[in-house]
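Novice:
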Amino acid sequence: MSRTRLDRVRASAGIAKLALQQIEDDLTGDTGAQELAEILRELHHEDHRQDGVFGSLAQLLTVAVQAAARIEPDRDGEMSCPLHEAAALITENAGLQTYYATRALDPQGEAA
Numbered sequence: 003m004s005r006t007r008l009d010r011v012r013a014s015a016g017i018a019k020l021a022l023q024q025i026e027d028d029l030t031g032d033t034g035a036q037e038l039a040e041i042l043r044e045l046h047h048e049d050h051r052q053d054g055v056f057g058s059l060a061q062l063l064t065v066a067v068q069a070a071a072r073i074e075p076d077r078d079g080e081m082s083c084p085l086h087e088a089a090a091l092i093t094e095n096a097g098l099q100t101y102y103a104t105r106a107l108d109p110q111g112e113a114a
C-alpha cells in the first residue's frame, strides 16, 4: 500500500470514528424508545441493507475479501474466508439483531 493510500485510509477511518462518536454522544442524552428506534433504523435498513452503516461496513469487508482473493490465489482462502465471515456476521447477525431491537422499541415505526 502506498503511503498516500494508507494516509487516506487512516484519515477516513478517523472521520468515521468521529461520526460514530457523535452518534454515541447523542445516545447518552435523554432518549426515548421511539427516538432510539429511529436512530437504530439509521444504522440498519432492512429493505436496503447496503444503505445502513452495517451494510457499508459489510461492503467494505467484501471489497477487502476481493482484494485478499487477488493476493492469495494459491493459499486456499486463508485471508479471504475470515473477512467474508466477518461481513456476513455484520449483516446477518449485528444488523439483524439491531432490526429486532428497533421492532421491540417501536413496533409502529415499521411503516415509517
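Residue 3 is where the sequence shown starts when you use my numbering, and the numbers rise one by one after that. Every residue gets a Cβ at the ideal spot worked out from N, C-alpha and C, and that includes glycine.
So what's Thr93 in DSSP terms, helix, strand or just coil?
Specialist: As a first step, residue 93 must be located in the sequence shown, where it is residue number 91. Of the three classes helix, strand and coil, the one that applies to Thr93 here is helix, per DSSP.
Novice: Quick test of your reading: Gln36 and Gly97, contact by CB under 8 Å. State the CB separation rounded to the nearest angstrom.
Specialist: Position 34 of the sequence shown holds residue 36. Position 95 of the sequence shown holds residue 97. Their Cβ separation, rounded to whole angstroms, is 20 Å, which puts Gln36 and Gly97 out of contact at 8 Å.
Novice: Around the C-beta of Arg5, are 16 or more other C-beta atoms found within 10 angstroms, so that it is buried, or is it exposed?
Specialist: The residue you call residue 5 lines up with position 3 of the sequence shown. When all chains shown are included, Arg5 counts as exposed.
Novice: Three Cβ pairs or more, each shorter than 8 Å: is that satisfied between the segment 55-73 and the segment 87-97?
Specialist: yes
Novice: Counting C-beta neighbours from all protein chains within 10 Å, is the total for Tyr101 16 or more, i.e. buried, or is it exposed?
Specialist: Locating residue 101 in the sequence shown gives position 99, where the first residue counts as 1. Per the 10 Å Cβ criterion, buried.
Novice: Can you list, in chain order, the residues of its chain whose CB lies under 7 Å from that of Arg72, leaving out five sequence neighbours each side?
Specialist: Taking the first residue of the sequence shown as position 1, residue 72 is located at position 70. Closer than 7 Å at Cβ, skipping near neighbours: no residue.
Novice: With distances taken between CB atoms, is the gap from Leu42 to Ala106 smaller than 8 Å?
Specialist: Indexing the sequence shown from 1 puts residue 42 at position 40. Indexing the sequence shown from 1 puts residue 106 at position 104. In this structure, Ala106 does not lie closer than 8 Å to Leu42 by Cβ.
Novice: Short of 7 Å in beta carbon distance, which residues of its chain neighbour Gln99, apart from the five on each side in sequence? Order them along the chain.
Specialist: As a working mapping, residue 99 is identified with position 97 in the sequence shown. Nothing listed; no residue qualifies.
Novice: Would you report the Cα separation of Glu44 and Thr93, rounded to the nearest angstrom?
Specialist: In the sequence shown, counting from the first residue as 1, residue 44 sits at position 42. In the sequence shown, counting from the first residue as 1, residue 93 sits at position 91. Looking at the two C-alpha atoms, the distance is approximately 14 Å.
Novice: Out of curiosity, what's the CA-to-CA distance linking Ile25 and Glu80?
Specialist: Position 23 of the sequence shown, counted from the start, is the residue given in the question as residue 25. Position 78 of the sequence shown, counted from the start, is the residue given in the question as residue 80. One C-alpha to the other measures close to 35 Å.
Novice: Measuring alpha carbon to alpha carbon, tell me which residue in Ala39, Glu40, Ser82 is nearest Gln68.
Specialist: Numbered from 1 along the sequence shown, position 66 holds the residue referred to as residue 68. Considering only Ala39, Glu40, Ser82, the residue with the shortest C-alpha distance to Gln68 is Ser82.
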